[in-house]
Each structure stands twice: as C-alpha cells, then as structure tokens.
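K.L.:
The structure follows.
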C-alpha cells in the first residue's frame with residue numbers, strides 16, 4: 332500500500348512539473364516580455380557658429396521583439412536624420428546618426444528629438460540635445476562661391492568676419508591674385524568683398540573650377556587662424572535636358588525606341604559639329620537639330636541589346652567660337 336502511494340505521489344509530482352513548465356513555455360510564447368526602450372540624451376559640446384556635426388543617438392531595446400518607429404520628428408530644421416527608410420529597433424543596442432547645424436548666433440543648444448513607435452499602443456520617446464555655440468571669431472558664410480562666365484570675368488562676393496575681443500594681425504589670400512576690400516565695419520563685425528584679376532579669371536574659365544582662400548591671423552597668441560574658402564567656378568556653357576531618362580519595360584514588345592534630349596546653350600555658342608562616343612551597339616544618333624538656344628539630339632535604342640542597368644551615352648560637342656571640344660552625357664535606365 333505504501334509503495335502504491337509513493338508511486339502515485341511521484342507521478343503526481345511529475346505531472347505538476349510538466350504542467351508548470353507548459354504554462355511557463357506558453358506564457359513566454361503568447362505573452363512575451365514587454366519591450367522597454369532606453370534612450371540616452373545627446374551632448375554636442377562646444378560648436379563653432381555655422382558648423383555641422385554628426386552625432387549618435389543610442390537606443391537600447393530591452394525587450395525580445397523589434398519595435399518599428401512610425402516617424403521621427405525634431406524641434407528644429409537644424410536637426411536631421413540620415414535615414415530616409417523606415418527604422419526598426421532590434422532587441423539590444425541601436426545607433427541612429429543625426430546631423431546638427433549650429434546657428435550663426437552664440438548661445439546654448441536646447442533641442443529635442445521625438446521618436447513615435449508602435450509597440451502594441453502608440454508610444455513617444457524624447458531625446459534631449461544640448462551643447463553650446465561659442466567662438467571668438469567666425470565668418471558668415473564660412474565658404475563663398477564666385478561664378479564666372481565669358482561676360483562676367485570679375486565676379487565678387489562678400490562675407491562678414493565676426494570678432495569678439497580679437498584683433499586682426501594679417502590677411503593673406505591664396506592665390507595672391509584674389510583681392511579683398513574692407514567694405515564696412517560695425518561693432519565686432521567686418522564686411523569684406525572678394526574679387527580677382529583677369530589672369531585668375533582666364534585660369535578658372537579654362538579649368539572650370541579652382542578653390543582659393545582668405546586667411547586671417549590674429550594678434551592674440553591663443554587664437555587659431557581663420558580660413559574663409561573661396562570657390563571659383565566657371566558657369567557651365569550648356570546643360571542636358573533631361574540628364575536622366577527612364578525607358579519603360581512595356582516597350583520591349585518593340586525592337587527599337589527613340590528618345591530626344593536637348594542640350595541648352597547657356598552661353599553664346601555657334602555649333603559646328605557633333606560626335607557620339609560609341610558606348611555599344613544598343614544606341615545610335617539618328618537626328619540632330621540646332622536652334623538658337625538648343626541642340627536637339629534624337630537617339631534610337633535597340634531594346635533587345637540594351638543592358639538592363641543604367642547606361643550612359645556620351646556626346647562630344649564642338650563650337651566654332653571655342654577652341655576645345657566639350658563632352659556631355661545623358662543616362663538611360665531600362666525599367
């Protein structure tokens with residue numbers, strides 16, 4: 332009798348153990364651990380006015396399931412995410428990159444980022460971004476673009492040098508043919524204009540682009556030199572419209588397909604001749620028309636030979652009033 336009782340008790344205990352393990356298993360399966368997001372605030376430190384810095388927002392998902400973010404919003408257009416696609420926070424550590432552009436004015440940085448998630452019910456998490464915009468000297472803008480053309484050979488631009496308790500000791504331009512002038516002074520601001528001589532204009536128009544600079548050095552030994560970059564850019568002589576064209580897959584029932592692109596003249600150009608650089612046996616030039624402001628180029632594509640990835644047609648233009656030839660391109664993608 333006692334042995335029978337012990338046997339029943341052992342089976343009863345085993346059944347209870349199996350039952351408890353089953354409850355635990357199915358509880359985990361149907362009632363998983365609720366997700367918990369832990370987000371750290373971001374400190375940017377000290378930034379110069381107008382500067383841009385990338386920083387990480389670290390999010391810990393302490394749950395067992397991925398949490399999709401419905402949207403991300405910021406308190407200022409100066410804060411931006413580098414992710415265009417939807418964000419899914421996986422269990423564990425997640426890193427999101429943001430960019431912050433400091434204002435031109437000095438002061439504290441006090442911004443927020445809101446994360447809207449769908450975790451069973453709508454939820455919102457907030458990240459606070461702090462820091463300070465502080466500097467003794469800075470330029471607005473810190474980079475200047477001067478655009479040249481045949482009719483505008485001495486373009487000029489202006490920038491403002493901001494100095495707080497600092498004194499300019501010397502100003503150096505590179506190349507030396509860049510010329511600066513102090514236009515206006517008020518309080519701690521100095522407005523300078525920058526131009527160049529004809530020799531530098533010839534070089535820029537020939538090569539298309541050159542970068543120069545205006546370098547400021549200060550009397551105070553603890554102040555680093557400040558460089559304002561000057562981009563010297565030749566105005567393009569033409570542009571292709573459209574620069575990229577999709578060819579529909581529905582056209583594959585046809586053997587050939589024709590498309591016309593236009594080369595817009597942005598300068599006074601006299602067209603002399605046109606040459607297509609061979610790119611394969613799938614494209615050929617079938618018609619050319621020259622008007623006052625445009626050159627129209629009609630291409631014929633052999634669709635059964637055309638590659639399925641993006642392909643480029645290169646063309647070489649020669650103008651009677653210019654010494655060199657110019658290469659243009661138009662990209663085609665078969666979809």
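In this note's numbering, the protein residues as written are 332 to 666. Where is the CB? At the ideal position from N, CA and C, for every residue including glycine. Predicted, not measured: the structure shown is a model, and the values here were computed from it.
1) Under the three-state reduction of DSSP, which class applies to residue 418: helix, strand or coil?
2) Tell me where the beta strand (DSSP E) around residue 399 begins and ends.
3) On the three-state DSSP scale, how would you describe residue 637?
4) Threshold first: 3 residues or longer. Then list the beta strand (DSSP E) segments lying entirely within the segment 463-539, N to C.
5) Let me know the secondary structure DSSP gives residue 439 once reduced to three states.
6) For a test of the three-state rule: what should DSSP assign to residue 623, helix, strand or coil?
7) Can we say the segment 387-399 touches the segment 424-437, given the rule of at least three CB pairs closer than 8 Å?
8) I'd like to check one pair, residue 479 with residue 472: are the Cβ atoms closer than 8 Å?
9) Are the segment 396-403 and the segment 434-452 touching by the rule of at least three beta carbon pairs closer than 8 Å?
10) Can residue 544 and residue 561 be called in contact, C-beta distance under 8 Å?
11) Rounded to whole angstroms, what is the Cα-Cα separation between residue 526 and residue 625?
12) Just checking residue 492 against the ligand PLP - is the residue's beta carbon closer than 7 Å to any of the ligand's heavy atoms?
13) Evaluate residue 380 with the Cβ neighbour count: other Cβ atoms within 10 Å of its Cβ, from every protein chain shown; 16 or more gives buried, anything less gives exposed.
14) For the segment 511-526 against the segment 433-441, do three or more pairs of beta-carbon atoms, one drawn from each stretch, fall closer than 8 Å, so that the two count as touching?
15) Taking DSSP's pairing of strands, which residues face residue 454 in a bridge?
16) To the nearest angstrom, report how far apart residue 621 and residue 628 are at their CA atoms.
P.N.:
With the structure as the only source:
1) coil
2) 398-405
3) coil
4) 468-471, 474-479, 488-494, 499-505, 509-517, 520-527
5) strand
6) coil
7) yes
8) no
9) yes
10) yes
11) 32 Å
12) Inclusion of the ligand PLP in the displayed structure is not the case, the ligand content being empty and no account of it being possible.
13) buried
14) no
15) 448
16) 9 Å
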